[in-house]
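Quick note, the sequence shown lines up with residues 1032 to 1445 if you use the numbering used here. Every residue, glycine too, gets a C-beta built ideally from N, C-alpha and C. The next block holds one structure in the form of structure tokens; read it before the comments.
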Amino acid sequence: MQTTLISKLLAALTIFLGCAELQGSEPDVKSSLRPLQFDVKSQTVLEHNDGKFFWFHPRAAVIRGKDRTQISQVVMTLQRHLVVSDHYSGMYTMLSKDLGRTWSGPDQVPALDWVPEQDIDIAVIDVTPAWHPHTQKIIAVGAQVRYNRQGQQLEDVPRAHQTAYSVFDPQSGHWTQWKRLELPRESLFNFARSACAQWLVEPDGSVLLPFYHGIDSPHPRSAAVVRYSFDGKELKYVSHGTPMHLETGRGYTEPSLIKYQGRYFLTIRSDDRAWVTASQDGLEFHPPKPWTFEDGKELGSYNTQQHWLAHSDGLFLAYTRRGANNDHIFRNRAPLFIAQVDPAKLQVVRHTERVLLPDRGAPLGNFGVTAIGPGESWVTVSEFVTSAAKKRGAKGCLYIARVLWSQPNRDVLD
């Protein structure tokens, strides 16, 4: 009882100090926000629901030429959700040579399938791929987990929950086998996932990966960003920022990182709400504060992911939330929204909110975001099909929501 009370007091103090420090760091900043216009067009890539699996966690990466304007292919990674909660197959890919109008696949990648170990299957899930322009390779990063034959995730050996990566070479068309990422041998990284995470390639070619981590799964997780070097073959640990702690529930999970106009922004999931913070160097962040609208009311996103869309003339957040006549949806995970963010105040601007994909009865909380070209960005997501979702129209569709910008995104060309 006393421990619970102390945890609640610490959580309240964390929120208060986080807001005070973050707001106090820029007390005289005034918003110069200019709304950026865009259109949204949705596309169904595939549809599948046979009761045995449905496609999940679709995320795209663009293969670009060295001048960044030429796009030869778009690669989408995805996995089969095997009906049991958080039980996923090995990785599959789809390819498009016409900017997503047509696709080949899904094709299984043998090098990225489960690795059997007695009665255990080792898998990598929650994968996010991205293009590394310096080496002309795709790096895919995800959480390495251990499943028993019933599809339950295990913590049966030290460091059972870690992070792994694979490298795709467009020249050969081959993926490397999953390789575990290096992290310091500290107890704080016994459980360490960079999962469902947007991550960044810096101008020098180094990689910034956001993690959620802790001593084990029962304890609350922290969030931190880790810097790696990449030589085209291996990611090598360089340093990490100061961990940010939340002592309630599962703590901080599934952080996503973006860079906008020289600053770094991190959005973080927790059981009760969504959080946001900013940084000047991508490693050391202000204490997170809860996501709110500009009127101070909480955004209402909770226990699910949020991701960023960055345009040279505006910063945007994609999210789900309460309060959209959607209490029939698991964790209110539909509709999927987009809205512009005030980067000075770290708030969502309510009047800019738009629906990316509507409520068809299926949760849409596990999604990805990709800047495709100067004219468009994609949000990719699959329907989580339940019996209730079927009755409301869900069919196990994999969607692309194309965000079509009213003016070119210069960041894609720089």
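DSSP three-state assignment for residue i, whether helix, strand or coil
{"i": "Val1443", "result": "helix"}
{"i": "His1382", "result": "helix"}
{"i": "Pro1286", "result": "strand"}
{"i": "Phe1415", "result": "coil"}
{"i": "Lys1522", "result": "Lying before the first or after the last residue shown, residue 1522 is absent from the chain, which here runs from 1032 to 1445."}
{"i": "Ser1248", "result": "coil"}
{"i": "Ala1375", "result": "coil"}
{"i": "Arg1258", "result": "strand"}
{"i": "Ala1142", "result": "helix"}
{"i": "Leu1435", "result": "strand"}
{"i": "Arg1353", "result": "coil"}
{"i": "Lys1264", "result": "coil"}
{"i": "Lys1421", "result": "helix"}
{"i": "Leu1067", "result": "coil"}
{"i": "Leu1515", "result": "No answer is possible for residue 1515: it lies beyond the span of the chain, which begins at 1032 and ends at 1445."}
{"i": "Arg1364", "result": "coil"}
{"i": "Glu1084", "result": "Per the sequence shown, the amino acid found at residue 1084 is Phe instead of Glu. Phe1084 falls in the coil class under three-state DSSP."}
{"i": "Leu1456", "result": "No answer is possible for residue 1456: the residues shown for the chain start at 1032 and end at 1445."}
{"i": "Leu1231", "result": "strand"}
{"i": "Leu1219", "result": "helix"}
{"i": "Gly1204", "result": "coil"}
{"i": "Thr1034", "result": "At Thr1034 the pLDDT is 39, less than 50, meaning the model places this residue with poor confidence and gives no usable figure here."}
{"i": "Ser1408", "result": "strand"}
{"i": "Thr1166", "result": "coil"}
{"i": "Pro1189", "result": "coil"}
{"i": "Gln1456", "result": "For residue 1456 there is no data in the structure shown, the boundaries of the chain being 1032 and 1445."}
{"i": "Glu1052", "result": "With a pLDDT of only 39 at Glu1052, under 50, the local geometry of the prediction cannot be trusted, and the value read off the model is given with reservation. Looking at Glu1052 - three-state DSSP - the assignment turns out to be helix."}
{"i": "His1342", "result": "strand"}
With 16 other Cβ atoms within 10 Å as the buried cut-off, status of residue i
{"i": "Ser1225", "result": "buried"}
{"i": "Arg1453", "result": "A question about residue 1453 goes unanswered here, because the residues of the chain that appear run from 1032 up to 1445."}
{"i": "Thr1075", "result": "exposed"}
{"i": "His1359", "result": "exposed"}
{"i": "Leu1109", "result": "buried"}
{"i": "Ala1419", "result": "exposed"}
{"i": "Arg1229", "result": "The sequence given here places Gln at residue 1229; Arg does not occur at that position. The residue in question, Gln1229, is buried, as its Cβ has 16 or more Cβ neighbours within 10 Å."}
{"i": "His1382", "result": "exposed"}
{"i": "Lys1083", "result": "exposed"}
{"i": "Phe1047", "result": "Note on Phe1047: pLDDT 43, under 50, position unreliable in the model; the coordinate value appears next. The residue in question, Phe1047, is exposed, as its Cβ has fewer than 16 Cβ neighbours within 10 Å."}
{"i": "Ser1270", "result": "exposed"}
{"i": "Gln1149", "result": "exposed"}
{"i": "Pro1141", "result": "exposed"}
{"i": "Glu1052", "result": "Residue placement at Glu1052 cannot be trusted, given a pLDDT of 39 that sits under 50; what the coordinates show is reported in the next sentence. Under this definition Glu1052 is an exposed residue."}
{"i": "Gln1371", "result": "buried"}
{"i": "Gln1214", "result": "Inspection of the sequence shows that residue 1214 is occupied by Leu rather than by Gln. By the neighbour-count rule (16 or more Cβ atoms within 10 Å), Leu1214 is buried."}
{"i": "Gln1175", "result": "buried"}
{"i": "Gly1427", "result": "buried"}
{"i": "Arg1433", "result": "buried"}
{"i": "Gly1354", "result": "exposed"}
{"i": "Glu1285", "result": "buried"}
{"i": "Gln1181", "result": "exposed"}
{"i": "Glu1217", "result": "exposed"}
{"i": "His1112", "result": "buried"}
{"i": "Thr1411", "result": "buried"}
{"i": "Pro1234", "result": "exposed"}
{"i": "Val1115", "result": "exposed"}
{"i": "Glu1315", "result": "exposed"}
{"i": "His1313", "result": "The sequence given here has Gly at residue 1313, not His. With 16 or more other Cβ atoms within 10 Å, it is buried."}
CB contact flag (residue i, residue j, <8 Å)
{"i": "Val1330", "j": "Pro1366", "result": "Note that residue 1330 is Leu in the sequence shown, not Val. In this structure, Pro1366 does not lie closer than 8 Å to Leu1330 by Cβ."}
{"i": "Phe1069", "j": "Ser1343", "result": "no"}
{"i": "Thr1298", "j": "Ser1287", "result": "yes"}
{"i": "Phe1087", "j": "Tyr1119", "result": "yes"}
{"i": "Leu1219", "j": "Ile1246", "result": "yes"}
{"i": "Gly1396", "j": "Thr1159", "result": "no"}
{"i": "Gly1280", "j": "Ser1301", "result": "yes"}
{"i": "Ile1289", "j": "Ala1255", "result": "no"}
{"i": "Gln1008", "j": "Pro1201", "result": "Here the chain comprises residues numbered 1032 to 1445, so residue 1008 is not present and cannot be evaluated."}
{"i": "Leu1346", "j": "Pro1374", "result": "yes"}
{"i": "Ala1425", "j": "Ala1393", "result": "yes"}
{"i": "Pro1405", "j": "Leu1377", "result": "no"}
{"i": "Gln1193", "j": "Leu1212", "result": "yes"}
{"i": "Glu1407", "j": "Leu1435", "result": "yes"}
{"i": "Gly1173", "j": "Asp1144", "result": "no"}
{"i": "Ile1170", "j": "Tyr1196", "result": "yes"}
{"i": "Gly1131", "j": "Ile1431", "result": "yes"}
{"i": "Arg1304", "j": "Tyr1283", "result": "no"}
Proximity test, residue i beta-carbon vs the ligand PLP heavy atom, cut-off 7 Å
{"i": "Glu1278", "result": "Among the ligands in the structure shown, none appear at all, so the ligand PLP cannot be discussed."}
Checklist entry - Between the segment 1318 to 1326 and the segment 1264 to 1271, do three or more beta carbon pairs fall short of 8 Å? => result No, they do not touch.
Give the list of continuous beta strand (DSSP E) stretches no shorter than 3 residues that lie fully inside the segment 1288 to 1339. 1294 to 1300 and 1305 to 1310
Does the segment 1158 to 1167 touch the segment 1248 to 1264, meaning 3 or more C-beta pairs lie closer than 8 Å? yes
- Task: Let me know the alpha helix (DSSP H) ranges lying completely inside the segment 1094 to 1135, each 4 residues or longer, listed in chain order.
- Result: Listed in chain order, there is nothing to give.
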